[in-house]
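In our numbering, the protein residues as written are 622 to 1004.
The structure under discussion appears below in the form of structure tokens.
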């Protein structure tokens, strides 16, 4: 009997210890599940977007200089990369043959003029005889026809002389405008054919920057352009090494239609280039700024995607999280601008969303949006 009571006591104590152990384990699990996570409140504020676009930089004038007459390249007066002035002599093609043609054309012209004078005197003489009824009018008509034929030959000779003069002038290739000379592929003594490329001249006192924007961004730009207070035409240029170009540019025009393949349209901005830093066919990035009033901003760290849809974890009054889908209007830097689905005042988990599940309870640690923006800027500077 005594042994039975002792056994019963041992069983009761074991069950009590087991129960206590399970309770402590449940408390530990519950404590571990409640995470301390940063939570921020969605705000509405005016936001300036800085979008960047790949830019193709071109000189305002870029002209190929080609030979208009064949011959031997007699002399080169400039070097590659040299700045030239409008009308400056660049190349000389041997012109002896063309000068001979010009002399022949001038001699033919003088000979034809002399012949015309002789025929004109003959016409005047015959006209007097006709008036005196010495000869018939038919002879006068024949002489006048000869005079008209000679005058036509004078016009032909004059045209030949003009053409010969032009061919002589074509042997001297001059700069069409102030600019910079590109590579010169030929050397002195080279045989040149009609149309041979001698070099390229570029006027880079100003440059054009062409860049493509999407249709939605184009519509936003046009709306902003209608605001007289917004200086929407001004753009910045970022050079290939990442440094900012010191001069501001202005959007001048755009193409008349969208590209069917990409759905984008080309803009053209003009930049001054007094230091001649920018060259034809250089590259860079256009930075275009636009202001969105009363934008609802969500940090990128708070967003995750499921089947091409964007979600955040909302935090309710009981500090429980639930997934919430939203539609982004655009994305910039480390943020989304919300089109619909979220509103100012909503609390969302800022970061640490990887291990969260629907309905979990958290211990929120409030982080202000201004603090997040400042932190993001510091991270960008470090990068």
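All C-beta atoms in this analysis are idealised placements derived from N, C-alpha and C, irrespective of residue type, glycine included.
Because the structure is a prediction, the values reported are computed rather than measured.
Distance CB(residue i)-CB(residue j) smaller than 8 Å
i, j, result
"residue 672", "residue 838", "yes"
"residue 780", "residue 857", "no"
"residue 778", "residue 726", "yes"
"residue 701", "residue 713", "no"
"residue 667", "residue 916", "yes"
"residue 936", "residue 983", "yes"
"residue 988", "residue 661", "yes"
"residue 910", "residue 670", "yes"
"residue 972", "residue 923", "yes"
"residue 730", "residue 814", "no"
Nearest candidate by alpha-carbon position, reference residue i, set the options
i, options, result
"residue 943", "969, 922, 931 and 914", "969"
"residue 819", "975, 687 and 728", "687"
"residue 912", "939, 973 and 844", "844"
"residue 879", "832, 866 and 665", "832"
"residue 927", "910, 946 and 936", "946"
"residue 1010", "742, 867 and 796", "Here the chain comprises residues numbered 622 to 1004, so residue 1010 is not present and cannot be evaluated."
"residue 793", "771, 861 and 717", "717"
"residue 882", "868, 836 and 895", "836"
"residue 960", "890, 827 and 918", "918"
"residue 863", "896, 675 and 655", "675"
"residue 810", "981, 715, 976 and 929", "715"
"residue 914", "655, 656 and 665", "665"
"residue 787", "719, 735 and 744", "719"
Span separating the alpha-carbon of residue i from that of residue j
i, j, result
"residue 698", "residue 870", "35 Å"
"residue 692", "residue 755", "60 Å"
"residue 789", "residue 773", "25 Å"
"residue 884", "residue 950", "18 Å"
"residue 901", "residue 955", "34 Å"
"residue 859", "residue 873", "18 Å"
"residue 709", "residue 775", "35 Å"
"residue 817", "residue 808", "13 Å"
"residue 921", "residue 958", "10 Å"
"residue 875", "residue 886", "7 Å"
"residue 866", "residue 842", "22 Å"
"residue 732", "residue 738", "10 Å"
"residue 985", "residue 940", "7 Å"
"residue 639", "residue 925", "Unreliable placement is indicated for residue 639, whose pLDDT of 47 sits below 50; the coordinate value is still reported in the next sentence. Computed Cα separation, rounded: 43 Å."
"residue 711", "residue 796", "7 Å"
"residue 728", "residue 763", "27 Å"
"residue 785", "residue 759", "39 Å"
"residue 990", "residue 964", "14 Å"
"residue 849", "residue 896", "Interpretation of residue 849 is limited by its pLDDT of 49, a score under 50 that renders its predicted location unreliable; no figure is taken from the coordinates."
"residue 771", "residue 740", "8 Å"
"residue 798", "residue 903", "21 Å"
"residue 746", "residue 722", "36 Å"
"residue 647", "residue 976", "Bear in mind that a pLDDT of 43 at residue 647, under 50, signals an unreliable position, so the number given afterwards is only what the model happens to contain. Between residue 647 and residue 976, the C-alpha separation is close to 20 Å."
"residue 861", "residue 840", "28 Å"
"residue 751", "residue 757", "6 Å"
"residue 1058", "residue 890", "Not covered by the structure: residue 1058. The range shown for the chain is 622 to 1004."
"residue 736", "residue 791", "31 Å"
CB-CB length for residue i against residue j, believed under 8 Å
i, j, result
"residue 684", "residue 822", "5 Å"
"residue 888", "residue 834", "6 Å"
"residue 681", "residue 905", "Going by Cβ atoms, the distance from residue 681 to residue 905 rounds to 16 Å, so no, they are not a contact pair."
"residue 748", "residue 768", "11 Å between Cβ atoms; not a contact."
"residue 663", "residue 966", "7 Å"
"residue 899", "residue 825", "6 Å"
"residue 827", "residue 894", "6 Å"
Any C-beta of chain B under 8 Å from that of residue i
i, result
"residue 826", "Protein chains in the displayed structure number just one, and chain B is not present."
Q. Three or more C-beta pairs closer than 8 Å, one from the region 702 to 711 and one from the region 800 to 809: is that the case here?
A. Taking 8 Å as the limit for Cβ pairs, the verdict is that the region 800 to 809 does touch the region 702 to 711.
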